[in-house]
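**Student:**
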Amino acid sequence: MASDGHRGTILVVDDNRDIRGLTKRLLEIAGHTVLTAADGEEGLLCYETHRSSIALLLTDVAMPNMGGFELAERVLRMDSQVSVVLMSGDTGRDYQSWDYLAKPFRPAELIETVDRVLSANAQVTAAHNAY
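Count the sequence shown with the working numbering and you get residues 8 to 138, in order.
Below, the structure written as structure tokens:
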């Protein structure tokens with residue numbers, strides 16, 4: 008279950024409808040509010056519409072119209088405080104500077120990754136707000 012310290016909406020962007028739907032259901036069962044989009048362009052529009060409530064962007068890397076890297080970079084230009092997790096089945100790429108979730112993932116891996124990233128961001132935001 009998500010802890011109260013890092014509640015916020017998660018935007019899941021994946022062009023695979025089944026993965027998008029399953030990810031949404033798993034995150035909702037864990038107590039998160041979830042929005043979804045089918046590609047990067049739709050994800051960017053969704054982010055712009057719901058920007059004030061989105062705490063985390065969980066995006067596939069390889070998608071038509073706009074990939075996950077470009078989407079993440081554009082979202083971070085709008086709000087550098089939003090958390091981002093990239094997910095992909097392509098393990099040959101360099102994800103070192105990103106939080107990353109390898110596909111296929113187990114439900115527990117998804118929840119653990121999302122909660123860890125949200126918790127870390129909540130701690131950074133709290134420390135920043137203390138000054």
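Here a beta-carbon is modelled for each residue, glycine too, at the ideal position from N, C-alpha and C.
Indicate the three-state DSSP secondary structure (helix, strand or coil) for Ser59 in the structure shown.
**Tutor:** Residue 59 sits at position 52 when you count from the first residue of the sequence shown. Looking at Ser59 - three-state DSSP - the assignment turns out to be helix.
**Student:** To the nearest whole angstrom, what separates the beta carbons of Val41 and Glu35, a pair I think is in contact under 8 Å?
**Tutor:** Here the question's residue 41 lines up with position 34 in the sequence shown. Here the question's residue 35 lines up with position 28 in the sequence shown. Val41 to Glu35, Cβ: 6 Å. Contact.
**Student:** Give the straight-line distance between the Cα atoms of Leu64 and Gly96, rounded to the nearest whole angstrom.
**Tutor:** Start at 1 with the first residue of the sequence shown, and residue 64 comes out as number 57. Start at 1 with the first residue of the sequence shown, and residue 96 comes out as number 89. Their Cα atoms are separated by approximately 18 Å.
**Student:** Quick one: is Asp21 buried, meaning 16 or more other Cβ sit within 10 Å of its Cβ, or exposed?
**Tutor:** Along the sequence shown, one-based indexing puts residue 21 at 14. Under this definition Asp21 is a buried residue.
**Student:** Of all the options Arg113, Phe112 and Val91, which has the alpha carbon lying nearest to the alpha carbon of Asp103?
**Tutor:** Residue numbering aside, residue 103 sits at position 96 when the sequence shown is read from its first letter. The residue you asked about is not Asp; residue 103 is Gln in the sequence shown. Gln103 has its Cα closest to that of Val91, out of Arg113, Phe112 and Val91.
**Student:** Quick check on the DSSP output: what are the complete alpha helix (DSSP H) runs of length 4 or more inside the stretch 72 to 120, in order along the chain?
**Tutor:** Within the stretch 72 to 120, the complete alpha helix (DSSP H) runs of at least 4 residues are 75 to 85.
**Student:** Figure out for me which residue from Ile17, Ile26, Val19 and Glu77 has the closest Cα to the Cα of Glu110.
**Tutor:** Looking up residue 110 in the sequence shown gives position 103. Residue identity differs from the one stated: residue 110 is Lys in this sequence, not Glu. Comparing Cα-Cα distances from Lys110 to each of Ile17, Ile26, Val19 and Glu77, the minimum goes to Ile26.
**Student:** Report all residues from its chain with a CB closer than 6 Å to the CB of Asp67; omit the five preceding and five following residues, and keep chain order.
**Tutor:** Start at 1 with the first residue of the sequence shown, and residue 67 comes out as number 60. These residues qualify, in order along the chain: Asp21, Gly75 and Met94.
**Student:** Where do the ends of the beta strand (DSSP E) carrying Ala6 lie?
**Tutor:** Nothing in the structure corresponds to residue 6, since the chain is present only between 8 and 138.
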